[in-house]
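Throughout the sequence shown, residue numbering follows mature numbering (1 follows the signal peptide of the UniProt record, and there is no 0), covering -22 to -1, 1 to 310 in sequence. Each residue gets a CB set at the ideal place from its N, CA and C atoms; glycine is no exception. Being a predicted model, the structure only gives us computed values, none of them experimental. Presented below is the structure to which this report refers.
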Amino acid sequence: MKRVLMKIMCLLALFSCVTAVAQVQVGEQNFVVSQDGTGDFKTIQAAVNAVRDHSEMRAMIRIKAGTYREKLVIPSWKKNIALIGDDKANTIITGADFSGKDFPGGDFTGNLKYSTYTSYTVLVQANDCLLRNLTIENTAGRVGQAVALATESDRLEVIDCKLLGNQDTLYTAKSGRNYFKSCFIAGTTDFIFGEATALFEQCTIKSLADSYITAASTTKHQQFGYVFLDCKLIAAAEVTKVFLGRPWRPYAKTVFINTTMDKHIVKEGWDPWKGDNMFPEKEKTTFYAEYNSSGEGGNMANRVNWAMQLSEQDVKKYTLQNIFGDWSPSGR
């Protein structure tokens, strides 16, 4: 009888453990970050570190207003994280690293200097993450490459955020899918660059110097690269000569649809990036196109002859489903 009771108790204990594990897996995590100690954590990184590894459920991290001087990483095993700021004007993640700056102790390769790829303020490697109501900035100044936000993830949403820097503000590093909605992005040279398939919807893009907005490195097998939809291109008062983009790699794809362009956009529109000995004549394989551009810089009559002017029929393929496939961003 005692043995039977013991077996029953063991089974009940096992059932309780299984139930507890199941509850953990289906439960949602909610954390608050506040510098004054009234939240669960004082730093954003500490909150990210506390999220369960490989969770299938959304972890909500609310970030109270403040200036957070952090080099924040959301690693690949911390997926399904949402960072939600109180508001983008007052919830700021800031850094000042740049390519060539001394890297104390060196990076994971032993490099004792920061590179473009390690200069980020925020790095998102995990899939299915969301950033909302935040300012992410790199304040290194005009010292060369200095990334504010670097993305290496798939199905990333960035909603109502400010991304501020100079050269290389936003680095969409890998060929994942990124969605930017109602964001303000500012920089000088190639300040939106990389390989990802990215849709920018209703974003304001501000040029701070005479230079280039995009530098896509779309791969040969990607159907879409950068797509700007219903965006606005503006510039600082002294800026008068800005190109829509230049190809970082031979199969760069960048398209502007229904975008308002101020007078700082040059009549040619696009630059071929001559002088690149590794990839010469990239204009022969890139895909640069516009549809229904407006404003003083939106006249497409004198664009370079290797850029495309899309027809009404062409534009029909630029749907969310075609661009992102089986993924539909929640912020759309």
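According to DSSP, simplified to helix, strand and coil, what is residue i?
i: A176; result: strand
i: Y95; result: helix
i: A60; result: strand
i: K252; result: coil
i: L127; result: strand
i: L14; result: First, the amino acid is wrong: residue 14 is Asp here, not Leu. It is coil, neither helix nor strand.
i: N156; result: strand
i: Q145; result: strand
i: F302; result: helix
i: E290; result: helix
i: N270; result: coil
i: K241; result: coil
i: Q23; result: helix
i: K260; result: helix
i: A193; result: strand
If we call anything under 8 Å between Cβ atoms a contact, is residue i one with residue j?
i: T113; j: T147; result: no
i: Y204; j: G309; result: no
i: E115; j: L142; result: yes
i: I41; j: A60; result: no
i: K202; j: K231; result: A small correction: the amino acid at residue 202 is Phe; Lys does not occupy that position in the sequence shown. Closer than 8 Å, so yes.
i: F81; j: Y95; result: no
i: N111; j: K66; result: yes
i: F265; j: R227; result: no
i: I191; j: F169; result: yes
Might you give, ordered along the chain, the residues of its own chain that have their beta carbon closer than 6 Å to the beta carbon of residue i, omitting 5 neighbours on each side?
i: Y98; result: V125 and A128
i: S19; result: Before going on, a small fix: residue 19 reads as Phe here, not Ser. Excluding residues within five positions, the ones whose Cβ falls inside 6 Å are V11 and A25.
i: L101; result: V51 and A128
i: T166; result: N144, Q145, L186, A187 and S189
i: K241; result: E274 and G275
i: K184; result: A164 and I212
Please classify residue i: is it buried, with 16 or more other beta-carbons within 10 angstroms of its beta-carbon, or exposed?
i: L90; result: exposed
i: E268; result: buried
i: F86; result: exposed
i: D75; result: buried
i: residue 311; result: Here the chain covers residues -22 to 310 and nothing more, so residue 311 does not appear.
i: W118; result: A small correction: the amino acid at residue 118 is Ala; Trp does not occupy that position in the sequence shown. Buried: at least 16 other Cβ atoms inside 10 Å.
i: E34; result: exposed
i: E179; result: buried
i: D208; result: exposed
i: D14; result: exposed
Starting from residue i, follow its DSSP beta bridges and name the residues at the other end.
i: T182; result: F162 and K210
i: R36; result: R36 is not bridged to any residue.
i: K140; result: T113 and F162
i: E135; result: L108 and Y157
i: Y46; result: I71
Excluding the 5 residues preceding and the 5 following residue i in the sequence, name in chain order all residues of the same chain whose CB lies nearer than 7 Å to its CB.
i: D132; result: N105, G154 and R155
i: V282; result: E246, G247 and W248
i: T45; result: I70 and T72
i: S271; result: F234, T237, M239 and M278
i: G88; result: none
i: I301; result: T175, L177, F202 and V205
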